[in-house]
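If you read the protein sequences in the order shown, they are chains W and S.
At the far end of the first sequence sits residue 342, using this note's numbering, and the numbering has no gaps.
At the far end of the second sequence sits residue 342, using this note's numbering, and the numbering has no gaps.
2 protein chains.
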Amino acid sequence: MNDRFLRACRREPIDYTPVWLMRQAGRYMSEYMEIRSKYTFLEMCKNPEVAAEVTLQPIDKLGVDAAILFADILLPFEGMGLQLEFAKNEGPVIHNPVRTKADVDAIRILEAEEATPYVMEAIRILRRELEGRVPLIGFSGAPFTLASYMIEGGGSKTYTECKKMMWQAPELWHALMTKISEVIVRYLKAQIQAGAQAVQLFDSWVGALSPVDYKEYVFPHSKYVLDNLKDAGVPVIHFANNASSMLELVKEAGGDVIGLDWRINIDDAIKRLGDDVAVQGNIDPMILFAPPKVIEAKVKDILDRVGKRPGHIFNLGHGINKETPVENVIALVEAVHKYSRA
Amino acid sequence: MNDRFLRACRREPIDYTPVWLMRQAGRYMSEYMEIRSKYTFLEMCKNPEVAAEVTLQPIDKLGVDAAILFADILLPFEGMGLQLEFAKNEGPVIHNPVRTKADVDAIRILEAEEATPYVMEAIRILRRELEGRVPLIGFSGAPFTLASYMIEGGGSKTYTECKKMMWQAPELWHALMTKISEVIVRYLKAQIQAGAQAVQLFDSWVGALSPVDYKEYVFPHSKYVLDNLKDAGVPVIHFANNASSMLELVKEAGGDVIGLDWRINIDDAIKRLGDDVAVQGNIDPMILFAPPKVIEAKVKDILDRVGKRPGHIFNLGHGINKETPVENVIALVEAVHKYSRA
């Protein structure tokens, strides 16, 4: 088995740097689009065979060192009582956004196998079909990121409603975050139980907050989730996007691996994080639109900055763009393997 | 005259911390909306009397310590040969985006008095009407931010076309940035000539870049602009939004004052910047949706973090939101004056 990814998570020395790509199963692949033409996005997520098939597509095609379950961070919402829809070209919509105490009280905390059985089934199928070729990563949105969708009713540029609740009704905010955190713990534990060999917590939008607000309104809840996964037996990746000014807090919240976006030099990040944690990242996902020569130079720059330090998983600094040319993705993966071996 | 803003720019000790707010002349004010109902946005910008009137609205109403010219960073585009439109609810559109060598070659570099006479006229009117009450700030978009609009043809989430040019055609990129930088130097010098008592360079979207790309593709051009303003006789504020991981580079590019967004603790930023530069910022603009008590606590936290260090101008970390309650803006300004005096 290619267990380089897991060994890098544990900061063990390995022969070359493992690489996987956030959103590697996605719309930039023609194989994905072919399946997507037959189903809605939610149908794909909820059909374990389809989710498993899509998860596997990039493994052979790209030569990546880990598989990540095809799913959406908002899948737990329906079990919580939220009406989720993926509207055409508009991203996710929550038709009953959470704004009041009654809304928070109404949120259900189910067992994950009951709320999202299809996710666990997809993981079981994948473990069989992967036959140990590469490890399988499960994931969840982090408390702030999930709360932001719930409160705003969808994506946001300003997080107005979300921040209003934080500052105007802090008790309600913390009650909501506590419920969300409990759902996340159950969701990730169930994924691990079903066979996920590592899990990633995605705090995609927490960069909207100042470090002071992060510490007061988010940190305790992310820490609760990560504390509860400490004994789960698999590595945990904590990715807080656009949070380079508060990396120390992100590390303190927890995680065996800290995910980094591309807005920081990886050697500067490593200096601040210290040697007792692995790092994942951190190339600009848009680099995949550059000529292969430029991609290779950027890969080499990141590998050089990391140097011989064990505990580096190569990844993009954010999800892959849907227009990305697949041949450039292959060139990136090859460059990581080639230069880190050298 | 209330010259606290200018004295803070020069890092002189003053009796209380001056404050102004990015986009302080704007849609959150009913007085603004009344005028806006009679003109399009571009008509307002191009009518010097109207631009001056709108610039003055927040001065008495809010009690801020500086006026900033009402204008848009894209106003120089028309003189450069670009077809600019502010489409309803869609933000700016450039109908002939810059993509090829022919497009870059076609860009004109006019004198700013010829390209944007109405801006200079508004400044002259304002200096008369302000009668020295508070200083007047002029401004321009920075090279990267202007290039991003030009190349994308409007706003962007991913800056795909912009980054494509950077990486696929670096010579073309640098040729474009060189032309833009020359236009900016002329534009800001003309504003100073007309009476602007300080100028701010807005690099609103440069946070889309990694520090390595910033250094190679942007830094030399921002530095060119800022070097050329060194002897212009007025303080220069350099605001690079979402760039807290590369503050040292932003400082090295230049500016008497470094603008900070809210994603970094201001004391951490000051530690990294050193004592030979003033700072401006850095409260989350969304804090204006919080209750006054919370606003006051956050203001006090920032002032406490700065302490007795001279050279702090209080501001938001980004432009004010159009839905902001005006009474909270007044509460913020009062809190800055009250706590910094204490």
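Note that CB positions come from ideal geometry on N, CA and C, so glycine has one too.
Query                                                                                                                                                                                       : Result
Determine, for Y159/S, whether the minimum Cβ-Cβ distance to residues of chain W falls below 8 Å.                                                                                           : yes
If we call anything under 8 Å between Cβ atoms a contact, is K321/S one with P285/S?                                                                                                        : For clarity, residue 321/S is Asn in the given sequence; the question names Lys instead. Going by C-beta atoms, N321/S is nearer than 8 Å to P285/S.
First and last residue of the beta strand (DSSP E) that includes P92/W?                                                                                                                     : 91-94
Restricting to runs no shorter than 3 residues, where is the beta strand (DSSP E) found entirely within the segment 196-237 of chain W?                                                     : 198-203
Taking the alpha carbon of M44/W as the point to measure from, which residue in K300/W, Y118/W, Q280/W has its own alpha carbon closest?                                                    : Y118/W
What runs of the alpha helix (DSSP H), each 4 residues or longer, lie entirely inside the segment 240-274 of chain S?                                                                       : 247-253, 266-273
Per DSSP, which one or two residues make a beta bridge with V19/W?                                                                                                                          : F314/W
For T55/S and I180/W, I'd like the C-alpha separation in whole angstroms.                                                                                                                   : 45 Å
May I ask you to verify whether the segment 258-266 of chain W touches the segment 301-320 of chain W, counting CB pairs closer than 8 Å and requiring at least 3?                          : yes
Would you mind sorting Q83/W into buried or exposed? The rule is 16 or more other CB atoms within 10 Å of its CB.                                                                           : exposed
Short of 7 Å Cβ to Cβ, which residues in the segment 133-151 of chain S face chain W?                                                                                                       : none
Who are the near neighbours of V206/W in its chain, counting only those whose CB is closer than 8 Å to its CB and skipping five residues on each side?                                      : A142, F144, T145, Y214, V218, A240, N241, N242, A243
Should S244/S be flagged as near chain W, meaning a C-beta pair shorter than 8 Å?                                                                                                           : yes
Could you please give the first and the last residue of the uninterrupted alpha helix (DSSP H) stretch that includes S181/W?                                                                : 170-194
Whose Cβ in chain S lies nearer than 8 Å to the Cβ of N380/W?                                                                                                                               : Nothing can be reported for residue 380/W, as the shown portion of chain W is limited to 1 through 342.
Which residues mark the beginning and the end of the alpha helix (DSSP H) in which A280/S is found?                                                                                         : What sits at residue 280/S in the sequence shown is Gln, not Ala. Taken as a continuous stretch (DSSP letters only), Q280/S belongs to no alpha helix (DSSP H), being part of the beta strand (DSSP E) at 278-283.
Could you name each continuous beta strand (DSSP E) segment of 3 residues or more that falls completely within the segment 78-143 of chain S, going from the start of the chain to the end? : 84-87, 91-94, 136-141
Can you check which of these residues, G155/W, Y159/W, G233/W, K163/W, is closest to Q191/W by C-alpha distance?                                                                            : G233/W
What is the DSSP secondary structure of A335/S, reduced to helix, strand or coil?                                                                                                           : helix
In or out: M1/W buried (at least 16 other Cβ within 10 Å) or exposed?                                                                                                                       : exposed
Of the choices V279/W, V98/W, E49/W, whose alpha-carbon is the least far from that of C162/W?                                                                                               : V98/W
With burial defined as no fewer than 16 other Cβ atoms inside 10 Å of the residue's Cβ, what is the status of N315/W: buried or exposed?                                                    : buried
Taking just the CA atoms, how far does V225/W sit from V185/W?                                                                                                                              : 6 Å
Look at the alpha carbon of V50/S and the alpha carbon of G153/S, and state the distance between them as a whole number of angstroms.                                                       : 27 Å
Quick one: is Q280/S near chain W, going by C-beta distance under 8 Å?                                                                                                                      : no
Taking only beta carbons into account, state which residues of the segment 68-95 of chain W come closer than 8 Å to chain S, listed in chain order.                                         : none
Does G255/W pass the burial test, meaning 16 or more other C-beta atoms within 10 Å, or should it be called exposed?                                                                        : buried
Would a C-beta distance cut-off of 8 Å place D261/S and N228/S closer than the cut-off?                                                                                                     : no
Any C-beta of chain W within less than 9 Å: which residues of the segment 209-224 of chain S qualify?                                                                                       : L209, S210, P211, V212, D213
If you compare alpha carbons, which of I258/S, Q280/S, A106/S is closest to I313/S?                                                                                                         : Q280/S
Report the option in L176/S, A67/S, F139/S whose CA atom is closest to the CA atom of D105/S.                                                                                               : L176/S
Using 8 Å as the threshold, is the C-beta distance between V333/W and V19/W below it?                                                                                                       : yes
Under 8 Å between C-beta atoms, does W167/S make it to chain W?                                                                                                                             : yes
Give a yes or no on contact between the segment 3-18 of chain W and the segment 31-47 of chain W, applying the rule of three or more CB pairs nearer than 8 Å.                              : no
Quick check on the burial criterion: 16 or more other C-beta atoms within 10 angstroms. Buried or exposed for G138/W?                                                                       : buried
How is the alpha helix (DSSP H) around Y32/W delimited, first residue to last?                                                                                                              : 30-36
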